[in-house]
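Residue numbers (the numbering used here): 262 to 470. Working notes, structure below.
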């Protein structure tokens, strides 16, 4: 119950931040012409760097970095305010005391609300806040513990980046995200904290229409 209440508080906090960003964008764009491209699709190359920690005593647990392709869809509610949904899958090795111990796959769909103060310019920075859900699957621990698993998690996400207009509809993008991902792992029937908290560094190209 305590974990459920914690997740609820996080979701309420994220919703409040997203609402504030939306209100800021609406105030900024009041009366603006409706002549902007509302839909966008983007492909990025993402370097995923977990900032892991655990309370498993006597063991130094590390989750490896990964480089993955990422697809995201974006919709502009207003010229300065958009929502972005990202999808990608990572495979991460698990090391205990610097020795390979297993692996896991992570599916981290993330939805953010982004504010673009200079939308429409050749260089357009943005900031975003939102929520992420992480679904670990196919988690293995040296085949010796068939009960090993990593739980799902719900957390907040923070984002910052910049779009560079190459042509009317084509953009180059640099992006950074931080995902709050506090989960648990089960080893030999015992549960331990496993906070993944990955940093995502991305570059890519996008098309708007």
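C-beta atoms are modelled at their ideal positions from N, C-alpha and C, and glycine is treated no differently.
Nearest Cα to residue 440 within the set 448, 367 and 449: 367.
By the criterion of a C-beta distance shorter than 6 angstroms, residue 316 is surrounded in its chain by 453 and 454, once the five residues flanking it on both sides are discounted. Residue 371 carries a strand assignment under DSSP once its states are collapsed to helix, strand and coil. In this chain, the beta strand (DSSP E) harbouring residue 398 covers 384-401. Here the stretch 309-324 lies against the stretch 352-364, with 3 or more beta-carbon pairs under 8 angstroms apart. If only uninterrupted alpha helix (DSSP H) runs of at least 4 residues are considered, none is enclosed by the stretch 290-331.
The residue from 397, 403 and 355 with its alpha-carbon nearest to that of residue 443 is 397. Check the Cα spacing between residue 305 and each of 350, 401, 376 and 392: the tightest is with 350.
When the alpha-carbon of residue 399 is set against those of 387, 412 and 393, the nearest one is in 412. Residue 371 and residue 428 have their C-alpha atoms roughly 28 angstroms apart. Annotation: residue 441 is outside any beta strand (DSSP E) and is labelled neither H nor E by DSSP. Under DSSP, residue 339 forms a beta bridge with 342.
In the structure shown, the three-state DSSP call for residue 406 is coil. Annotation for residue 425: the continuous beta strand (DSSP E) segment containing it runs 414-426.
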